[in-house]
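From first to last, the protein sequence lines are chains S and G. Numbering-wise, the numbering used here puts 6 at position 6 of the first sequence, and it's gapless, one number per residue. Numbering-wise, the numbering used here puts 41 at position 41 of the second sequence, and it's gapless, one number per residue. Here's the structure, in structure tokens; my notes come after.
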Amino acid sequence: MDKSMYAIEVDKLTKIYGKGETAVTAIADATFQIKPGELVAILGPSGSGKTTLLTSIGLINEPTHGKVVIDGAMVADEGWTPGLDLKRLRREKLGFIFQHHNLIPFLNALENVMVALEINHLSGAEAKNRATELLISLKLGHRLNNYPTALSGGEAQRVAIARALANKPKVILADEPTAALDTENGKNVMDLLKKLAVENHSAILVVTHDHRMVEGFDRIFQVSDGRITSEVCN
Amino acid sequence: MNLAIRDIRYHRGRFILTSIGLGLLLGVVMSMGGIYRGLFADALTILNITKADIWVVQQDTNGPFAENSRIPEDIKYRIKAVPGVAEASPLSFQTIQIDRMGKPLRFFLIGYDLNGFGGPPVIMAGRNIRQKHYEMVVAKGMKMEIGEKIRLGLHEYTVVGITGKVVSSSGDPAAFVSLSDAQDIQFKKDNDAIRNDRERIGANLAGIQSLSPVQAKFLQKNISGITESTHTVNTVVARLAPGANLNEIQERIRRWNHFKPLSVEEQTKILTKGMIEKARMQLGLFRIILLVISAVIISLIIYTSTLDKIKVIATLKLIGSQNRVIVGMILQQSLLMGVIAYGIGYVLILSTYEKFPRRIVLEPFDLQMLFVIVVAICMIASFVGIRKALKVEPAEALGG
């Protein structure tokens, strides 16, 4: 397969915190590729380095060594690519889903989705239309004007997913998206992510230690002590 | 979408309460400025209503507003005779405190020549003084009714008219009586004192062997006449004829013994620099302290509000928000708080300033300057929050 066909390419990605004797290798020589439409999990216990891997791919945490390519653009090669506008890339190419939805408490459901669109320079009217469409498609049409405190855990996570999808990103990075949900809501979220990966042709990389949800992924990378120790395809 | 407005809308209770608190503080700052201007206006009231060009006072004194100044009343004729002087009129001033309806009533009594000038500038109710004795016009600040009588010195005086807001340099409301009444109130001795004085003079003269009884009696009568005279005033004010040279007239009066001619400019300086300078500095210091307190409060509120939003800010950064969106949110909140608090303070002071015991003069320039200062304080105060917000790492949005 041609390299440009991957949404995420990671080659010998290494992240070391500190220097000299106090240096800690959080992730070492991680290498993998994810195609658009794939739903991939990084599974591992706490402290195994999975969040470091996610933040390095998410343009938050600068890799010490190795390469990261997002949607064909080299973003890191022995450190960030010079002249890179990380914020713009995050806005345009990445979507984030968090463990605790991270909705902005003083915005209602509709505004929480609109904010991601307006940050990406969409006009207010366009952002409102797109956000409304998205929320309706996620069966939240009746919750547009509700604040996060008035939403259930599953509804809030679906609003967060709508926000992540708002700018039609090529890559969605999810940090423990089901950890704060019960089994039923967690399964619903996984089903939704799977559906969206296929429909939107987005690569979805999920960091989790939630073994209840492993069945839904296309591939699973097992991480232990900063290294990818195995890869399982469903 | 304006994030600052959305946040304020969501936390409106907290925002309104904070703004009210700050508004009260700014209201106090405004009132301080108003009191300062009021001090200035009060200090110059009598100077302004008299409309005199020269104030002739006792030599080596700074006049009746600063210290004791006593000059003979008849010097008015000599001043009138100076070429260039259009008119001259004697004035008497004294601060009086009496009990009225069980409460102390303090006022500034002005005695003026009914045929001269320096009387009430305007009559708002009743009439001006017509009789030479026992009538008075009071400032509305004394809250007296027409027809009301009060006892001053040896006699009772009837209020016949109400004038406007005339106060002394210390803010006490003024009352006007005829010059002769004022002199009586200030200088006239009661019968016992007169009898005592006459007997003391008689006894002293009787001890002088060279005086015959007739001579002693004659001298006693004359000396008593001088000591019992009330024809003393605190100042004689003069208005100049058009084209008259102020300096020349001042120089001429200065050459006479025992008198000092003060120009309006000199009187203004004595009243403002000497008498209210310390109060002005005190008020200025209070204003600065209150503004610093306001700045600290705004900074703390914005900082704690930013701390409350760390996760929101991290999330915004993570989803690619530009720094200007975050800076704008904090700065706009700070400015809105300042502007709303200013508005609350302004409305508060505007609706209450007439009820203050001292005069509050709200100058548009002062209010505009304060607005600019409040805006500047809000901008500076928000820097603390902005600095904190800019240091937030997007990674803080991750995890529990």
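Just so you know, even glycine gets a beta-carbon here, dropped at the ideal spot from N, CA and C.
DSSP on residue i, reduced to helix/strand/coil?
i: E199/S; result: helix
i: E87/G; result: strand
i: Q333/G; result: helix
i: G66/S; result: strand
i: S230/S; result: strand
i: D2/S; result: Residue confidence is low: D2/S scores 48 on pLDDT, short of 50, so the model does not pin down where it sits. Its coordinate-derived value is still stated next. Looking at D2/S - three-state DSSP - the assignment turns out to be coil, as it is neither helix nor strand.
i: I54/G; result: strand
i: S294/G; result: helix
i: L362/G; result: coil
i: I71/G; result: strand
i: D42/G; result: helix
i: P82/S; result: coil
i: R100/G; result: strand
i: D244/S; result: A query on residue 244/S cannot be resolved here, the shown segment of chain S reaching from 1 to 234 and no further.
i: T52/S; result: helix
i: S351/G; result: helix
i: I16/S; result: strand
i: S321/G; result: coil
i: T178/S; result: coil
i: A230/G; result: Correcting the residue type first, residue 230/G is Thr in the shown sequence and not Ala. Here T230/G sits in coil by DSSP.
i: I220/S; result: strand
i: I301/G; result: helix
Candidates the options: which alpha carbon is nearest residue i's?
i: T14/S; options: K168/S, V223/S, H65/S; result: H65/S
i: R212/S; options: S46/S, A179/S, K87/S; result: A179/S
i: E199/G; options: L26/G, A216/G, D184/G, S210/G; result: A216/G
i: G63/G; options: K278/G, D53/G, T235/G; result: T235/G
i: I79/G; options: A238/G, A314/G, L246/G, V296/G; result: A238/G
i: L316/G; options: Q33/S, P105/S, V207/S; result: P105/S
i: R37/G; options: L390/G, G385/G, I297/G, R359/G; result: R359/G
i: I249/G; options: L390/G, K309/G, I54/G, N2/G; result: I54/G
i: A127/S; options: D71/S, L135/S, E118/S; result: E118/S
i: G226/S; options: E9/S, K139/S, S46/S; result: S46/S
i: T230/G; options: A182/G, D192/G, N222/G; result: A182/G
i: V57/G; options: Q333/G, F371/G, I319/G, Q267/G; result: Q267/G
i: N257/G; options: F15/G, N48/G, I71/G; result: I71/G
i: E111/S; options: N145/S, H121/S, E78/S; result: N145/S
i: V82/G; options: I96/G, S224/G, N247/G, T272/G; result: N247/G
i: R100/G; options: K149/G, A125/G, I129/G; result: K149/G
i: L105/G; options: H155/G, Y112/G, R130/G, A174/G; result: A174/G
i: T95/G; options: I49/G, E145/G, S168/G; result: S168/G
i: G284/G; options: D366/G, I49/G, D197/G, G147/G; result: D366/G
i: V103/S; options: A73/S, L135/S, D71/S, Y147/S; result: The residue asked about is misnamed: residue 103/S is Leu in this sequence, not Val. Comparing Cα positions, the closest option is Y147/S.
i: I226/G; options: F176/G, N245/G, K189/G; result: K189/G
i: I302/G; options: G320/G, I270/G, K388/G; result: K388/G
i: S48/S; options: R88/S, F221/S, P36/S, A160/S; result: F221/S
i: H16/S; options: V40/S, M74/S, P63/S; result: Reading off the sequence, residue 16/S comes out as Ile, not His. Closest option to I16/S, Cα to Cα, is P63/S.
i: M114/S; options: V159/S, K35/S, E215/S, A76/S; result: V159/S
i: F108/G; options: I289/G, I185/G, V372/G, S263/G; result: I185/G
i: A162/S; options: Q99/S, E176/S, G37/S, L196/S; result: L196/S
i: I223/G; options: L240/G, L390/G, L205/G, V233/G; result: L205/G
So what does residue i bridge to, in DSSP terms?
i: T158/G; result: E135/G, K149/G
i: L205/S; result: V40/S, L173/S
i: S263/G; result: I54/G
i: Q186/G; result: Answer is none; Q186/G lacks a bridge partner.
i: T235/G; result: L91/G
i: G111/G; result: S92/G, V177/G
i: Q238/S; result: Past the boundaries of the shown model lies residue 238/S; chain S is included only from 1 to 234, so the question cannot be answered.
i: T163/G; result: A139/G
i: A126/G; result: Looking at the sequence shown, residue 126/G is not Ala but Gly. According to DSSP, which records beta bridges pairwise, G126/G is partnered with G161/G.
| Validate contact between the region 84-94 of chain G and the region 117-125 of chain G using beta carbons, cut 8 Å, 3 pairs | yes
| said: Within 8 Å, do at least three Cβ pairs link the region 19-33 of chain G to the region 340-356 of chain G? | reply: yes
| said: Closer than 7 Å between beta carbons: that is the criterion. Which residues of the region 310-328 of chain G meet it against chain S? | reply: Listed by position along the chain: K311, V312, T315, L318, I319, G320, S321, Q322, V325.
| Three or more beta-carbon pairs under 8 Å between the region 152-162 of chain G and the region 133-143 of chain G, yes or no? | yes
| Would you say the region 85-99 of chain S touches the region 163-172 of chain S, given that touching needs at least three Cβ pairs under 8 Å? | Cβ pair count under 8 Å is three or more, so yes.
| query | For the region 5-36 of chain G, which residues have a beta carbon sitting closer than 8 Å to at least one beta carbon of chain S? | reply | R6, D7, R9, Y10, H11
| query | How do the region 55-63 of chain S and the region 386-400 of chain G stand: do at least 3 beta-carbon pairs fall below 8 Å, yes or no? | reply | yes
| request: Could you run through the region 54-73 of chain S and flag, in chain order, every residue whose CB is less than 8 Å away from some CB of chain G? | output: L54, T55, G58, I60, N61
| Residues from the region 98-125 of chain S in contact with chain G, defined by Cβ distance under 8 Å | F98, Q99, H100, N102, I104, P105, F106, L107, E111, M114, V115, A116, E118, I119, N120, G124
| field | At least 3 beta-carbon pairs within less than 8 Å: the region 9-25 of chain S vs the region 133-150 of chain S | value | no
| request: With 7 Å as the C-beta to C-beta threshold (strictly closer), list the residues of the region 166-181 of chain S near chain G in chain order. | output: D175
| query | Are three or more beta carbon pairs between the region 208-224 of chain G and the region 1-19 of chain G nearer than 8 Å? | reply | no
| Using a beta-carbon distance cut-off of less than 9 Å, what residues from the region 370-389 of chain G approach chain S? | none
| message | For the structure I just gave you, are there three or more beta carbon pairs, one from the region 73-83 of chain S and one from the region 19-26 of chain G, closer than 8 Å? | response | no
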